[in-house]
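Colleague: Sharing a structure below in structure tokens format, with a few things to ask.
Protein chains: 4
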Amino acid sequence: MTQAAVPSLLERIKGLAKSWIEVASSAKSGETLSFAPDLPEDDLDRLRPQLRGCLDGKGGEVSARARAAALGREYLSLSAEGRRRFLKLVADEFGPDPEAVDQAIAALQQAPADKRAGVEQRLREVLEPPRLRLLTQFNALPEGVKFLVDLRAELAGMAKGDAGLRALENDLKGLLSAWFDVGFLELRRLTWASPANVLEKLIAYEAVHTIQGWDDLKNRLDSDRRLYGFFHPRMPAEPLIFVEVALVQGLSGDIQQLLDLNAPAGNPDTADTAIFYSINNAQRGLNGISFGNFLIKRVVEELTREFKNLKNFATLSPIPGFCPWLESRLAEGEAGLLSGIEHRALAQISNGLTAKGSLKALLADPAWVADDHLAETLRGPLMRLAARYLAEERKSGVRALDPVAHFHLSNGARIERINWRADTSAKGLSQSCAMMVNYLYKLDDIEANHETYAGKGKVVISSAVKTLLKG
Amino acid sequence: MTQAAVPSLLERIKGLAKSWIEVASSAKSGETLSFAPDLPEDDLDRLRPQLRGCLDGKGGEVSARARAAALGREYLSLSAEGRRRFLKLVADEFGPDPEAVDQAIAALQQAPADKRAGVEQRLREVLEPPRLRLLTQFNALPEGVKFLVDLRAELAGMAKGDAGLRALENDLKGLLSAWFDVGFLELRRLTWASPANVLEKLIAYEAVHTIQGWDDLKNRLDSDRRLYGFFHPRMPAEPLIFVEVALVQGLSGDIQQLLDLNAPAGNPDTADTAIFYSINNAQRGLNGISFGNFLIKRVVEELTREFKNLKNFATLSPIPGFCPWLESRLAEGEAGLLSGIEHRALAQISNGLTAKGSLKALLADPAWVADDHLAETLRGPLMRLAARYLAEERKSGVRALDPVAHFHLSNGARIERINWRADTSAKGLSQSCAMMVNYLYKLDDIEANHETYAGKGKVVISSAVKTLLKG
Amino acid sequence: MTQAAVPSLLERIKGLAKSWIEVASSAKSGETLSFAPDLPEDDLDRLRPQLRGCLDGKGGEVSARARAAALGREYLSLSAEGRRRFLKLVADEFGPDPEAVDQAIAALQQAPADKRAGVEQRLREVLEPPRLRLLTQFNALPEGVKFLVDLRAELAGMAKGDAGLRALENDLKGLLSAWFDVGFLELRRLTWASPANVLEKLIAYEAVHTIQGWDDLKNRLDSDRRLYGFFHPRMPAEPLIFVEVALVQGLSGDIQQLLDLNAPAGNPDTADTAIFYSINNAQRGLNGISFGNFLIKRVVEELTREFKNLKNFATLSPIPGFCPWLESRLAEGEAGLLSGIEHRALAQISNGLTAKGSLKALLADPAWVADDHLAETLRGPLMRLAARYLAEERKSGVRALDPVAHFHLSNGARIERINWRADTSAKGLSQSCAMMVNYLYKLDDIEANHETYAGKGKVVISSAVKTLLKG
Amino acid sequence: MTQAAVPSLLERIKGLAKSWIEVASSAKSGETLSFAPDLPEDDLDRLRPQLRGCLDGKGGEVSARARAAALGREYLSLSAEGRRRFLKLVADEFGPDPEAVDQAIAALQQAPADKRAGVEQRLREVLEPPRLRLLTQFNALPEGVKFLVDLRAELAGMAKGDAGLRALENDLKGLLSAWFDVGFLELRRLTWASPANVLEKLIAYEAVHTIQGWDDLKNRLDSDRRLYGFFHPRMPAEPLIFVEVALVQGLSGDIQQLLDLNAPAGNPDTADTAIFYSINNAQRGLNGISFGNFLIKRVVEELTREFKNLKNFATLSPIPGFCPWLESRLAEGEAGLLSGIEHRALAQISNGLTAKGSLKALLADPAWVADDHLAETLRGPLMRLAARYLAEERKSGVRALDPVAHFHLSNGARIERINWRADTSAKGLSQSCAMMVNYLYKLDDIEANHETYAGKGKVVISSAVKTLLKG
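Residue numbers (the numbering used here), protein chains in the order written: chain A, 1 to 471; chain B, 1001 to 1471; chain C, 2001 to 2471; chain D, 3001 to 3471.
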């Protein structure tokens, strides 16, 4: 969005502290790299010894870092193709030394049991590719950690079908996993008094319920709201993941109401329920390195400490997979999906609208959601189908098909309530037929719920949802 | 020292935020561990499933961390023997799965070239021992990083002759190397306005020239001094390494003068020379993870920015290996060490003191250093021998025998000046015959000096030291 | 503006730390005040003893403060009329004790010379009205200082023609003058990383060149801009005065260009000129307590330190009084204002436009500014008239008639350049016929310029402006 | 004390930011003041116009401040005599203009009632002496506020018998009262992680129970202790007043125990009592500007929030006036002080010691406190006399004679318990015959107690103390 356009990393790094860069250029005076954007063959030939120079230990570690920083800057100035060629070189020519690997394997195969630990370690060492050390050195860039996080996001896009790039991406994942260990993350509460350059990231990164601008953001930071994120000490202006919470009376079942700019703020001190209405991973480059469950746990702790009257912790979540699933089921025919009575009701109501009176036909026109009469007729069957989708549909036979359901169920929540016409935005309509779910985190049951789901593969649901399923 | 006794980690952790611990105990209610200090066999049997529980993924990552934190606390309450048994269990029973390793090796040996990268990575993964994941989880302790740093220091002591413990110690080194990458360290200047709990660590950790108390410390933080350290964001009260600098006119050649509490502070704005008179690694658990050269480079940058008149950067360093080396040479006879004239001079002066008039006999009584006449006679031969020791004696034929000399020479310094009666403390006397060295860092020559030493194995010395060598 | 609506003080205080309030209510349990909004007579009767209670010393100072805080809260809940009545009571019934004043006067009139100092002081003490002590106690409110600043702004509106309220307003001015002594103010640079709740105040308070929203603001905080403000430690989110600076090459003569969101940022490190293009007093309640000249001085210091290439410090300022002045002159006839040639030129160009061809008639239609031909004809006379207005027109015969000119001239600036079509906004057009002025602060001349203007009453102008005057 | 010698203000200011000074010297180039230390007559003559220059408005406010800063620096370099002469000049020659005062008085005497407010204000204005504006300008010094606080302390010493200096000191008190309004003070908790330069001030300023060094200090900051102080934003390293608290079970009656370095720390979470065992005003220059009662109130709030089990808040206080009072009573004869039985007991026990066996004679030798038998005999009468002194002896017939008792009683405390042999230090012995008092702050009774004491002049005591009085 233009309003709060986040500067690209390149722009930011250009303007930043240049201490390492300066060291680099002073160290290797005269020599400027300035590659062509697409990094043609002869630039590759000039790049190769530079990369070697970062690893050979001549000139000392300090110079190596400085050189790596200079290369990182070069990388940022390349075109997409140039970057791919740069990374390909790193991936393919800086892997483990095959001979050393073979020797270490031979040693392992001959090692007596009581020496095995040491020999295994030796093998692990020679398997550690020099390209990993190269990547680590980019940490010397002023925003080096962010550089590597973004690099992994780029690599993920390029790596398909290329074992070398995939390996490089994997190396990077390992490195970032160590660096982003949850023990290093800081929980920070963001408020309207937080730095604007951090707040604009929220506007840019919020993907569940788009933030419409600074007024919308300010409203989400009002006295009856809380917004928490995890941050890394070396990326202080970049949230890694953040969650938005509303402090209310009873379960909230309507996102429009929650986000209404004109609604007055409630009194948080008397609130009995904390509604987690949006949780966003903000860094694509950290995919697969999870901290969502830690975040929820920590936020529950914080809220409990601050608000003595809080009793319930629940989400107000979308059902992102429902419509796609429903469509594919409808494509197979509606017989098993609706009861006879429902069929007749739909046929009747859609008389003037469509020849077929089918659910598929009715849903095709998004206007249904604004038509009270029509919506009322659809309510019964859609709520039941949503309950069925959430509670019974599985992926690989084990985990809940819906990804959001899976996330909360593994964290120990239960499916508490399905809310009708809870998100009538275009996205809500096309993903979830405008429904939303409350997942309830009951502190005393979290452990048991988790066991039931993760251990025994059973989904925990409330009696209200059970009733829906029967209906 | 009692004055500023640093609380043990155990004490500190006891009093700290208990959030994880509480989660742990709530998660596993009822169950308290409370092992006997020596961790007898049946306690080991209770520990084993606990450790497994941290790894099996049941109960979720959050609980696993909490459980690890509880185990970490238990560990701290054990005796030395109990700790050894605890770590031995971790080392021996949580190594890589041999079968998985063998399979991955077989797969590698059959892999076609273009798939090798992926298969290598698979092998690396199975070689990554579960015990490493266990150790990582201790990061959830309130001072988890310090816990692991101290743990490695303990392990280093225990590991001798035990391949398992050595492997564990090595795993930990790898983990800490990633976490303590120099890109994560903060350079902090410490002043008299710094927190007392950080300053007391300086008193405790200074090993080159012991800090005698708070007055001595305050004097070293005066307006003509600078003290910089590297810190890790998760160990904010623990310096990793620190350097003490005096801003003076010309090279300082006398440590007594520099540390004199009654000497008035100089004017730092007119100083032309920064003397690095003490550099200390503060964490034994980070041995082998070096950042000394980075520190010096960064401090030179800072000082250059702050003081426009600075021209020279030099150390005032001990020669810790000189006396041991000299003794072993003297034991072989003094013939090659002294000239005839020197011999006679010594014989003459020691007439009343000793029958033999040998250097060895003269040095045996530390009173020589206070005897101006005697000292003057010894000055010539000892200065020459020190120059020879520093410039010519090698370890494994390559690096300078003296460890301090080696450190500075690899960083690109040159041996500038040897200072007579520069440190007459008991330690200075017994290590270096009271001499000290200035290593000079000339900004324009650092790179070349480094190459000369690290590349060609030649020690760079000033003309004054050359003259000494000839003498 | 709605986008960044600043919460009213009342709203903010409601949600804030209640420590004093709680003490108050616990101290005086049971008793709630809750006055009617217009503060009718019997509420006044209840208020009177409460105010006395704040002063009589019974219950101790702590309770007095708490009680004052409670009264402050009441005040904020009153209507405009209620507030007036509240303040009238304070003003009229809590003045100095006339008897005590008379006695002290008598004592002074009889005092011998060497005792006079003490007796004068006694008189000053009895003249210090109790209402001042009352006001001081409102400082106990969570945002007490801001409360009093806003109170003075309110009083200024009410006080006209009411000696009592005017005296109260004056008391408050004295108190705030002591509290806002420039020695207590902090110079803070605001950037895009500053708290959003501070930045939104800039949007709300900028009155010279309205900030259109967050994008406009972000542009004014770009790398080639600086924004500094003075803050008081007890009003940390409220700028008192702030100045916006652009770092450019040469004098800027066009505000449109400076504020263009699409213009690329310049390189501040090579800039030779700092343009102060907007300076705003943000708190009406601090009228008459000046710190503008301190701000400019401090900002010049900061910029000089940061940017080594800066040579010139100048403003780009409106001429707010020009059009009103011109209109009143035109009303008197145009004879003395235009030369014969100019008259003919205007007559010619306005042929089809207006019968009279007068300057007055031409300026009446703001479209002239966009008509290149017409504008070019007007340029000569208007520039000359502006120069005459700035350099020659005086208020009370001494100070420059234009308030902005007076401000900068007293600070030691000189009128450097008048810029044509420099601000074509509606406001620029109606105030200054779209012209703007550069006032130049030449560091070496500031003192002398100040003397020339403040001492001798002469306006310092550049040779270019002199030429205009002659033209 | 040498260990933590606090640098003098002069030393500190010398090394500090010189921005104002530089402005000053650049403003008035060439002209250096450099007065002789004793400020002889011709230096006074040079000083006079400088002081005038700070007030006449020529050169602008910024220059005036800069000039004042330069004069402040000169002041600090003068001898005691020079300083007195400097201040005398300021006091005597920069008072109110007598003519203007007389005119304003005449105007007041003729003013109609409804104009009186304005005319009074005018009179107040002309009574405001220029010297006050001069003093205010010293706030421009880098540590200007501290400068003025220290200046008042100096003035207090000089002012005796000099109406002019006394008036100046009074002006300063008024200024400081406005600046140090309790609304501006920050409550800060000091811990072992606080800056060393702040902590050393505690060592220097603690006057009740001397802090023996850094170990003693660290012990007073242990986990079962709290230390709070008030700070001013412009004197961030200088506590204004601070209080030391121990968290214990039941009332503490023995200061030796509380301060024992070897005693283990208690568990603060289970403590039911907070003992305020030392409260110190740290700035002599703020005498008469009280914030002690605010501090206690705020600390009680903080502690209540942090520790849920706290029920009692009490002091452990010295009885500084007891021994002087007792001595003067004993000088009048012991008849009324001791009962017949007590007399005989004393006579019996002191048989071998003294001819007279009088209390006076027994107390003359401080060894009594270590003699269990003798002490036991003295216990009864001394405890009773202490109770009588505290509860019944008055100053001017109203307030408790003992200053510490008066302070706590006016704050709403009650005399709870007198503790025998509670402070056997030399000071405790000579002030209080080694006794100490617990003053109890019962939250519900504070208001009523205060009224009883301040309103009705009655001292509130516990039943235990009542019993003592009867005994």
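Note that beta-carbon positions come from the ideal geometry of N, C-alpha and C, so glycine has one too.
Using a 10 Å radius around the Cβ and a threshold of 16 neighbouring Cβ atoms, would you call glycine 3144(D) buried or exposed?
Modeller: Looking at its Cβ environment, which holds 16 or more other Cβ atoms inside 10 Å, glycine 3144(D) is buried.
Colleague: Hey, how far is the Cα of glycine 2118(C) from the Cα of aspartate 3045(D)?
Modeller: In a straight line, the C-alpha of glycine 2118(C) is about 26 Å away from that of aspartate 3045(D).
Colleague: Under 9 Å between beta-carbons, which chain A residues line up against tryptophan 2192(C)? List them in chain order, please.
Modeller: Those within 9 Å of tryptophan 2192(C) in chain A are Pro195, Ala196, Asn197 and Glu200.
Colleague: Return the Cβ separation of glutamate 2206(C) and serine 2278(C) in integer angstroms, given the expectation that the two are a contact with Cβ distance under 8 Å.
Modeller: Contact flag correct, Cβ pair sits at about 7 Å.
Colleague: Using a Cβ cut-off of 8 Å, pull out every chain A residue sitting near glycine 1144(B), in sequence order please.
Modeller: In chain order: Gly183.
Colleague: Among the residues of its own chain, which have a CB less than 6 Å from the CB of proline 3037(D), if the five just before and after it don't count?
Modeller: Within the same chain, proline 3037(D) has close Cβ partners Leu3078, Ser3079 and Gly3082.
Colleague: Under 6 Å Cβ to Cβ from arginine 482(A), same chain only, skipping five residues before and after it: list those, please.
Modeller: Given that chain A is displayed from residue 1 to residue 471, the structure contains no residue 482(A) and the question cannot be resolved.
Colleague: Helix, strand or coil: how does DSSP classify histidine 2408(C) here?
Modeller: Note: histidine 2408(C) maps to helix in three-state DSSP.
Colleague: Leaving aside the five residues before and after leucine 401(A) along the sequence, list all residues of the same chain whose C-beta is less than 8 Å from its C-beta, in chain order.
Modeller: Excluding residues within five positions, the ones whose Cβ falls inside 8 Å are Gly321, Trp325, Tyr389, Glu393, Arg394 and Lys395.
Colleague: At what residues does the beta strand (DSSP E) containing valine 503(A) begin and finish?
Modeller: This structure gives no information on residue 503(A), because the portion of chain A shown stretches from 1 to 471.
Colleague: If contact means a Cβ-Cβ distance below 7 Å, which residues of the segment 284-303 of chain A contact chain B?
Modeller: Listed in sequence order: Asn293, Phe294, Lys297 and Glu301.
Colleague: Quick one: using the 10 Å Cβ neighbour count with 16 as the cut-off for buried, is histidine 373(A) buried or exposed?
Modeller: Looking at its Cβ environment, which holds fewer than 16 other Cβ atoms inside 10 Å, histidine 373(A) is exposed.
Colleague: Excluding sequence positions up to five away, which residues of its chain have a Cβ less than 7 Å from the Cβ of alanine 3265(D)?
Modeller: For alanine 3265(D), where only same-chain residues beyond five positions count, the Cβ hits under 7 Å are Asp3222, Ser3223 and Asp3224.
Colleague: So which residues on chain C does alanine 3274(D) lean against when the C-beta distance must stay under 7 Å?
Modeller: By Cβ distance, chain C contributes nothing, its closest Cβ being about 18 Å from alanine 3274(D), past 7 Å.
Colleague: Glycine 3174(D) to isoleucine 2105(C), Cα distance in whole Å?
Modeller: Rounded to whole angstroms, glycine 3174(D) to isoleucine 2105(C) spans 21 Å at the Cα level.
Colleague: Along chain C, in chain order, which residues have C-beta atoms closer than 7 Å to that of threonine 3136(D)?
Modeller: Under the 7 Å cutoff, chain C gives Asp2181.
Colleague: Below 7 Å CB to CB, which residues in the same chain sit around leucine 1155(B) once its five sequence neighbours on both sides are set aside?
Modeller: These residues qualify, in order along the chain: Leu1087, Leu1165, Leu1168, Glu1169 and Leu1172.
Colleague: Name, in chain order, the residues that DSSP records as bridge partners for valine 3208(D).
Modeller: Paired residue(s): none; valine 3208(D) is not in a bridge.
Colleague: Which residue from Asp2043(C), Pro2049(C), Lys2201(C) and Leu2033(C) puts its Cα closest to that of proline 2239(C)?
Modeller: When each option's Cα is compared against that of proline 2239(C), the closest is Lys2201(C).
Colleague: Look up methionine 158(A) in the DSSP assignment and say whether it is helix, strand or coil.
Modeller: In this structure, methionine 158(A) counts as helix in the three-state DSSP scheme.
Colleague: Mapping the DSSP letters down to three states, classify phenylalanine 1313(B) as helix, strand or coil.
Modeller: Correct three-state label for phenylalanine 1313(B): strand.
Colleague: With DSSP collapsed to three states, give me the class of phenylalanine 307(A).
Modeller: Here phenylalanine 307(A) sits in coil by DSSP.
Colleague: From what residue to what residue does the alpha helix (DSSP H) around methionine 383(A) run?
Modeller: 372-392 is the span of the alpha helix (DSSP H), which, as asked, contains methionine 383(A).
Colleague: Methionine 436(A) and aspartate 445(A) look like a contact to me (Cβ under 8 Å); what is the Cβ gap, rounded to whole Å?
Modeller: The pair is not a contact, with the Cβ atoms about 22 Å apart (cut-off 8 Å).
Colleague: Would you check if the distance between the CB atom of asparagine 1438(B) and the CB atom of valine 62(A) is smaller than 8 Å?
Modeller: No, these two residues do not count as a Cβ contact at 8 Å.
Colleague: Return the CA-CA distance between leucine 3363(D) and tryptophan 1214(B), expressed in angstroms with no decimal places.
Modeller: Near 40 Å, if we compare the C-alpha coordinates of tryptophan 1214(B) and leucine 3363(D).
Colleague: Does the pairing of the segment 269-288 of chain A with the segment 308-320 of chain A give three or more beta-carbon distances under 8 Å?
Modeller: The answer is yes - the segment 308-320 of chain A touches the segment 269-288 of chain A, with three or more Cβ pairs under 8 Å.
Colleague: Return the CA-CA distance between threonine 2452(C) and valine 2460(C), expressed in angstroms with no decimal places.
Modeller: Taking the straight line joining both Cα atoms gives about 7 Å.
Colleague: Quick check on lysine 458(A) - is its C-beta less than 8 Å from some C-beta in chain C?
Modeller: For lysine 458(A), the answer is no, since every Cβ of chain C falls outside 8 Å of its Cβ.
Colleague: Locate the beta strand (DSSP E) running through arginine 2188(C), then write down its first and last residues.
Modeller: From DSSP, the beta strand (DSSP E) with arginine 2188(C) extends over 2186-2190.
Colleague: Mind checking whether glutamine 110(A) and alanine 68(A) have CB atoms under 8 Å apart?
Modeller: No.
Colleague: When we look at the beta-carbon of serine 2194(C) and count the other beta-carbons within 10 Å, is it buried (16 or more) or exposed?
Modeller: That one is buried.
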